[in-house]
Every structure is written in C-alpha cells, then in structure tokens.
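Numbering (full-length UniProt numbering), first residue to last: 1 to 720.
Where a beta carbon is used, it is the ideal one built from N, C-alpha and C, also for glycine.
Bear in mind that the values here come from a model prediction, so they are computed numbers and not experimental data.
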Amino acid sequence: MAVALVGAPSDVISGDSASVTAQVQGSTNTAVTWTVEGIQNGNSTVGTISGSGNTVTYVAPANEGNYTLAAISVADATKSARSTIRVHHIAALLAPTINAPSVAAPGATGLPASVTNPQARVSYSWTILGGTIQGASTGTAVTFSAGQAGTLNLTCRATLDTQVANATAQVQVQGTAPRVPQITAPTSASAGATNLTATVAQPEAGTSYQWTIVGGTITAGAATPSATFTAGSVGTLTLTCRATNTVGSTSAQAQVQVVTQAPTTPVITAPSQVTAQSGNNLASIPAQAGCTYNWTISGGTISSGQGTTNLTFAAGAAGTLVLGCTVTNSASVSASAQKNIAILPAPVQTAGYYGSNLNGDDIGNIVIGWNTANDNMNRVASYRFRALHTGAIQAIRPFYIWSGARAGYALGNGGDIQIQIQTDDGTSSHNPSGTVLASLVNHAPVPVPQSSGTNYYPLLTFSSPAQVTAGQLYHIVFSNITADPKANWVSLDCIWMASAFSQEQPTLPNTDMAILEKNSAGAWVKFSRGSNTGYTPCYELDYADGASQGQGYLGAFAYPDGSFVNPKPISGTQAVRQTMTVSGSDRVATSVSVRVRYSSGPSPLTIRVEKADGTLVGQGTVANIPVTPGNVGEAWAKLTFITPITLAAGQSYNLVMSAPSDSVYTTHSLYKGMNSGYKPTTYFGDGHAEFNNGSGWKRWDAWGVQNRLDNDLQFFFELQ
Numbered sequence: 001m002a003v004a005l006v007g008a009p010s011d012v013i014s015g016d017s018a019s020v021t022a023q024v025q026g027s028t029n030t031a032v033t034w035t036v037e038g039i040q041n042g043n044s045t046v047g048t049i050s051g052s053g054n055t056v057t058y059v060a061p062a063n064e065g066n067y068t069l070a071a072i073s074v075a076d077a078t079k080s081a082r083s084t085i086r087v088h089h090i091a092a093l094l095a096p097t098i099n100a101p102s103v104a105a106p107g108a109t110g111l112p113a114s115v116t117n118p119q120a121r122v123s124y125s126w127t128i129l130g131g132t133i134q135g136a137s138t139g140t141a142v143t144f145s146a147g148q149a150g151t152l153n154l155t156c157r158a159t160l161d162t163q164v165a166n167a168t169a170q171v172q173v174q175g176t177a178p179r180v181p182q183i184t185a186p187t188s189a190s191a192g193a194t195n196l197t198a199t200v201a202q203p204e205a206g207t208s209y210q211w212t213i214v215g216g217t218i219t220a221g222a223a224t225p226s227a228t229f230t231a232g233s234v235g236t237l238t239l240t241c242r243a244t245n246t247v248g249s250t251s252a253q254a255q256v257q258v259v260t261q262a263p264t265t266p267v268i269t270a271p272s273q274v275t276a277q278s279g280n281n282l283a284s285i286p287a288q289a290g291c292t293y294n295w296t297i298s299g300g301t302i303s304s305g306q307g308t309t310n311l312t313f314a315a316g317a318a319g320t321l322v323l324g325c326t327v328t329n330s331a332s333v334s335a336s337a338q339k340n341i342a343i344l345p346a347p348v349q350t351a352g353y354y355g356s357n358l359n360g361d362d363i364g365n366i367v368i369g370w371n372t373a374n375d376n377m378n379r380v381a382s383y384r385f386r387a388l389h390t391g392a393i394q395a396i397r398p399f400y401i402w403s404g405a406r407a408g409y410a411l412g413n414g415g416d417i418q419i420q421i422q423t424d425d426g427t428s429s430h431n432p433s434g435t436v437l438a439s440l441v442n443h444a445p446v447p448v449p450q451s452s453g454t455n456y457y458p459l460l461t462f463s464s465p466a467q468v469t470a471g472q473l474y475h476i477v478f479s480n481i482t483a484d485p486k487a488n489w490v491s492l493d494c495i496w497m498a499s500a501f502s503q504e505q506p507t508l509p510n511t512d513m514a515i516l517e518k519n520s521a522g523a524w525v526k527f528s529r530g531s532n533t534g535y536t537p538c539y540e541l542d543y544a545d546g547a548s549q550g551q552g553y554l555g556a557f558a559y560p561d562g563s564f565v566n567p568k569p570i571s572g573t574q575a576v577r578q579t580m581t582v583s584g585s586d587r588v589a590t591s592v593s594v595r596v597r598y599s600s601g602p603s604p605l606t607i608r609v610e611k612a613d614g615t616l617v618g619q620g621t622v623a624n625i626p627v628t629p630g631n632v633g634e635a636w637a638k639l640t641f642i643t644p645i646t647l648a649a650g651q652s653y654n655l656v657m658s659a660p661s662d663s664v665y666t667t668h669s670l671y672k673g674m675n676s677g678y679k680p681t682t683y684f685g686d687g688h689a690e691f692n693n694g695s696g697w698k699r700w701d702a703w704g705v706q707n708r709l710d711n712d713l714q715f716f717f718e719l720q
C-alpha cells in the first residue's frame, strides 16, 4: 500500500491557494486524512485545508515559513505522503532589463530580445515601434525584425498583480556604412609638442571610432571621437580615423606638418638710454642651446660680440638707436626682438674739463617749510645755476628726502611746494630777482604715513616753460605755500662737504652753482650749517628740445658704512681706478686731478692713464698732498702731463691711482642718479669707479650694494 501527493507546490505566496490530490494504491479503501504541521485540516497559522476527499485546496497562511502538508491513509495510518511548502510574501516588481542588439540593418529579421532579470509570477508582454514582433509577444523572450533606417524602440511591460513596470531598448537601424569622418586637427606643430587634439566633427550614434598615428603618439582617446596626441620628430605626421558600424566602416586621414620648435623670443637686456657717441655700451640676451645669434643696429655701430649673446656697441648721434637680435636654430627657424634705446646728447661738460667735476662727502638736507624744532620761520631756498643751453625749460627733477624712521626730514604730507624759475637780480650778490619765468606747485610730495624708498625724484612739469639764454644766471626758488607749513613740510637733499673749499666745486665758480636761503629778515644769504660746511644742489632741468642740465650726483661715501670698506685704501696691491669710454669728440688733456687723502708713509701717489688693454697713455706721481681740515681730510692732487695726452672718442681708458706698500692713501666715490631718472648730462656718464683690494678689480661697493655701476671717483681732466 502507498500514498502519493500530486500538485503540492514547493512555494506559494501568502494568501494564495493550491489544489492538491492524494493518490492511494494497494487498498480498496482510498480515503485519507489531511493535516498541516500535524493539525488536522490545519488552521490560520499554518494554512487551512478546504474541501474533502482525496482532492482538497491548501490556502497559505499570512505568516511566512515552511509548512508540512500530509495525506494519511485511513485504512493504515502508518501510510502517508508529505510535502513541505514555503510560504512567502509577494516580491517588489523590478523593471525589466532588456538585452537586445544596439544596431541592426534595415529589414533584418530574427533579432532576439530577452529579459535578463525575470521574476516568478511576473508576466511580460512586448510592443515595438519601428519594427515587427515575430511570433508571440509575451514571455521573457521575443524575436523581432527591424524596419527602415532610424531608431527602433522595443518596449517590455512587466505585470505582477497590481504592479506594472516598463523598459525600452533602442536599436539603431543603420542603412549604410558610417559617414567618412571629418577630422579637425592642427595643420602644423612643433616637434615634441604635447596635448595636441584631433576630433571627429559630428560623430554618429552607433558608430565606433578608432585612431592610429604615424610620426607621433596617441596619448588618450584612441577609441573615441576625440584623440590626444604628441608630435614626433620633424616631418609629416599622419592621423587616421576609422569609423565602424554594423553595416561597414569608413576612414579619413589628416596630416600635420611637424617643424622644429622655434627658439624662444629673445629678451634684450640693454640700457634704456645712452649718450651720443658713447662706446662700451652693453647688451645681452639669454643663451639658447643649438642656436646662432645675429645682431643688427641702427643709430650706432657694433663694437664686438656679433654672433654671441653679449654685445658691445657704440652710440651714434642723438636720437634713437634700434638694437635687434635674431636667434636661429639648426632647422633655420628664427625668433627676433628689438629694443629702442634713447641716445641723449653728449653731456655738456664744463668748458675745458672732462670728469665727474665734483667733490662731496655725504648728503645734507634743506628744510622747505617750518621745522619748529629748529627754525623760527618758514624756510625758502634757491638753487643758483648758469644756463648751458638757450631754450625753454619745461620740467624739473628735484631730490626730496623724508624718512619713516628718522625725524627732522619731513612732517605731514610735505605741504604745497612752489617751484619757480626766476631771473638773477644782476647784483654782485646774484640773488633771485623775483621775476618769475615759470612756476608750478607740487602738492603733498610726502606719503602719509611716511615710507622710505618712495619717489624722492619726481619729474615735475611747468605748465608754461621758462625761456632761458645760455650763459645767463637763473634761480630755482623753492617755497612752501601750504596753509600750515609747521605741520606739513619736506626737505631737499644735496651734496654736503664736511670742510668746503673756498671754491666749493673744482671746475665751477661759486657764482655758477650755489644754494641760497632767506634769513629771518627776509634777505637772501648763502645757505650754510656749521662753521665751514658746503652744500651743492641736486637737480635736473629738462628743455623742450630734449637738452638737459643739472647736478645728478645724489650722494657720496666718505664714511664707513658698516658693510664694506669705505673710503677705499690705496697702498701696495690695493688701488682704485675710474673706467671710461670717451663719448662725443676727442679730448686733449693737459692735466688730471683726483681727490684723495694722504694717511701715512714716505712715497708719493702714482696717477696713471692707460688704455683698457693696459697701454700707458700718461703717468706721474704727486707728493705732499695736504690733509684738509675736518674728518674727511681729502684734497685735490693734480698731475700735469709733460706732453698733453689725447683721449680718443670711442676709446676705453682707465685712470688708476696706486702707491707703494710703505704708504697709504684713501679715497671715496660719488653716487650718481642713473637709476633714479637723472640723465647723463647731469653726471659723468662715460664710466664708473672700481677698486682692487688685492684680489683683482671689482666695481665699487657701498651701503650694502656690490658691483655698482652708479659710482664715480672725484676726478677731472683739464683740457686744451
């Protein structure tokens, strides 16, 4: 005897029912008793049996779990059939995921599509737009055919009880091979250039693109519509792009001419202005590997350095010099640059003299305004000068001074500084006449709060120029016309002498250059502070026609500065010299004078004039140099040449001072305003001072700055 169950489900949704039949064999009594989990006919917890006989209905309970359904023979209770049913709640419906071809040819048939994530008890139906379902349109898989070229939409609808979810797959129906790619790429590139791009214009959907290259390297995007590449060596680089779809493929090429990388555009370093007929002017550019250099010049001549990165050139007449340089690499690719250099008229040297023509020990200030700490009046000052040119003076560059760290130079915003060009009164005192030829007001020259290093040297323009005549005396009158000169005042800086000579400057009478001030009675008197000090003005006057004059030395280094040895010693291997390249015309000199201090020893000072290559031009010794009063003690030492010497225009020379090791002399330098806007007409523009401390010649050093080109010795040649 045996009992078997037919139709018992392995799992069922909670609340669903299933028909189950018990089959009894080997007995005439086929009746059975039904139980669920041992409970006859079950209950709401484990599920219930409805109906009677050998075929009944099992209704799943609300609770999830595994429940055993049994049919037990009535004839023999030891005979039964059992089945475990898994009861679970209804699952969430998932949107179908469709697997279908992405492209197809027009009219293609037998194209498959299927749901890759089917769910139990979920029914699936299919619809199509742009094609035809072949066969049944229900189930997890269908077959379809494509229509005309375009986009085919295949939609699958999933239904589970009351839940519905849709998904659509698009198939590109391509009737032809892809269009020939239209490539956008550079037409030329430098060898080794990186991050170059090539792009397909208007790429097609359903089409793949593949790039290849000859003469370069694809670095990114080889299988995309846009590729990044690097150029190879000089020659022709060829890019190929192949477009492929299910129908076929097309390709196109683009060629890039790879050229040698151009040199970097040279940057010419050269002075912005030079003196007419001056030589030994320097220009340079940065070196570039494997390149040649070709310099050009107009308004001057090349002295040396053609074909190199460092050039020496001479200036022509006043005007503009144009300096050019072309850098060319091994592939004959070039880059060029030009620089315009102003050629200023040759300095107007004091008649019969050539040199710095000045002595000075330091700088001193003159208050313009009312410094209540020292003065009982609003100070007014005048610079007396003799015009060296007939023309219209249109601008002035004074030398103001203030300090954020030290009092006594300025207060407030500096006030309103009125600057006038006045005529001379013609008396033996040569005071300002009060007749004004030009006037301006410089408002608030001092920054508030005061800060050092700002513009002490402004170029100020007269609204109406002053017409002057060469050879005549004039005055630059400074006054502070602000409403409160006690609260707002400024100083002018000037060259100071600790112990002035009776003729304060060696090549000019005091009449031609002096500083005056008004005393408490309102009378003009010579400016002086201390028993025997001397003051020389610092200024520049610019004429409308480009000429200029003035005194452009802005300081002197007669005292130790804590950073370098000053004054410089002259003894044994220690020496000093002034370098110069003669501008303008030849000079024939009968003597040379230098300002030095005798310190000790029996031997005289040797003064030597030589060419830059060391060739002797003139030489002699000077003994018994007096030590002047004061703490500087320098005096002018003069060497008269047995035969006058010629300083040839364009030739470079050295004026050397030396002494045996048994004797010591010292000297110091003057500081010129070449880096502060002052023109070479106001100082010696043909050279600079150097010293030898026993280890070779060096440019002057002072006040924390080495290798200075803005220092000159105190010297002058007397000319025929």
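Using the C-alpha atoms, what's the distance from residue j back to residue i?
{"i": "residue 245", "j": "residue 223", "result": "14 Å"}
{"i": "residue 151", "j": "residue 288", "result": "60 Å"}
{"i": "residue 315", "j": "residue 413", "result": "43 Å"}
{"i": "residue 44", "j": "residue 85", "result": "15 Å"}
{"i": "residue 75", "j": "residue 31", "result": "7 Å"}
{"i": "residue 162", "j": "residue 125", "result": "15 Å"}
{"i": "residue 688", "j": "residue 669", "result": "10 Å"}
{"i": "residue 80", "j": "residue 24", "result": "9 Å"}
{"i": "residue 38", "j": "residue 91", "result": "29 Å"}
{"i": "residue 336", "j": "residue 305", "result": "17 Å"}
{"i": "residue 653", "j": "residue 279", "result": "11 Å"}
{"i": "residue 404", "j": "residue 301", "result": "47 Å"}
{"i": "residue 70", "j": "residue 47", "result": "12 Å"}
{"i": "residue 114", "j": "residue 94", "result": "15 Å"}
{"i": "residue 690", "j": "residue 579", "result": "7 Å"}
{"i": "residue 591", "j": "residue 510", "result": "22 Å"}
For the ligand MG, any of its heavy atoms closer than 7 Å to the Cβ of residue i?
{"i": "residue 691", "result": "In the structure on display, the ligand MG does not appear, and there are no ligands present to speak of."}
Could you tell me the boundaries of the beta strand (DSSP E) in which residue i lies?
{"i": "residue 319", "result": "319-328"}
{"i": "residue 475", "result": "473-480"}
{"i": "residue 580", "result": "574-581"}
{"i": "residue 568", "result": "568-570"}
{"i": "residue 691", "result": "687-693"}
{"i": "residue 173", "result": "163-173"}
{"i": "residue 241", "result": "235-244"}
{"i": "residue 430", "result": "It is not in any beta strand (DSSP E) - residue 430 carries neither H nor E in the DSSP assignment."}
{"i": "residue 254", "result": "249-259"}
Which residue's Cα is closest to the Cα of residue i: the options?
{"i": "residue 562", "options": "701, 523 and 168", "result": "701"}
{"i": "residue 767", "options": "624, 546 and 362", "result": "Because the chain here runs from 1 to 720, residue 767 falls outside it and cannot be looked at."}
{"i": "residue 539", "options": "548, 531, 533 and 532", "result": "548"}
{"i": "residue 386", "options": "470, 646, 588 and 37", "result": "470"}
{"i": "residue 624", "options": "633, 612, 637 and 616", "result": "637"}
{"i": "residue 142", "options": "26, 112 and 714", "result": "112"}
{"i": "residue 693", "options": "573, 705, 599 and 651", "result": "573"}
{"i": "residue 134", "options": "123, 149 and 110", "result": "110"}
{"i": "residue 496", "options": "14, 206, 536 and 2", "result": "536"}
{"i": "residue 176", "options": "159, 206 and 197", "result": "206"}
{"i": "residue 541", "options": "576, 459, 608 and 517", "result": "459"}
{"i": "residue 130", "options": "119, 118 and 108", "result": "108"}
{"i": "residue 119", "options": "164, 148 and 137", "result": "164"}
{"i": "residue 484", "options": "415, 451 and 64", "result": "415"}
Suppose contacts are defined by Cβ-Cβ distances below 8 Å. Is residue i in contact with residue j by that definition?
{"i": "residue 171", "j": "residue 101", "result": "yes"}
{"i": "residue 193", "j": "residue 260", "result": "no"}
{"i": "residue 97", "j": "residue 167", "result": "yes"}
{"i": "residue 341", "j": "residue 321", "result": "yes"}
{"i": "residue 356", "j": "residue 683", "result": "yes"}
{"i": "residue 673", "j": "residue 552", "result": "yes"}
{"i": "residue 181", "j": "residue 252", "result": "yes"}
{"i": "residue 359", "j": "residue 714", "result": "yes"}
{"i": "residue 656", "j": "residue 600", "result": "no"}
Of all the CB atoms in chain C, is at least one closer than 8 Å to the CB of residue i?
{"i": "residue 212", "result": "Reference to chain C is not applicable here, since this structure consists of a single protein chain."}
*Three-pair Cβ contact test at 8 Å for the segment 380-391 versus the segment 456-464*: Touching, no, given that fewer than three Cβ pairs across the two stretches are closer than 8 Å.
*At a cut of 8 Å, does the segment 583-594 reach the segment 370-387 through at least three beta carbon pairs?*
Fewer than three pairs of CB atoms, one per stretch, sit closer than 8 Å, so the segment 583-594 makes no contact with the segment 370-387.
*the segment 563-572 touching the segment 519-533, judged by at least three CB pairs closer than 8 Å*: No contact exists between the segment 563-572 and the segment 519-533.
*Are the segment 417-432 and the segment 471-484 touching by the rule of at least three beta carbon pairs closer than 8 Å?*
Contact between the segment 417-432 and the segment 471-484 is present: 3 or more CB-CB pairs across the two stretches fall below 8 Å.
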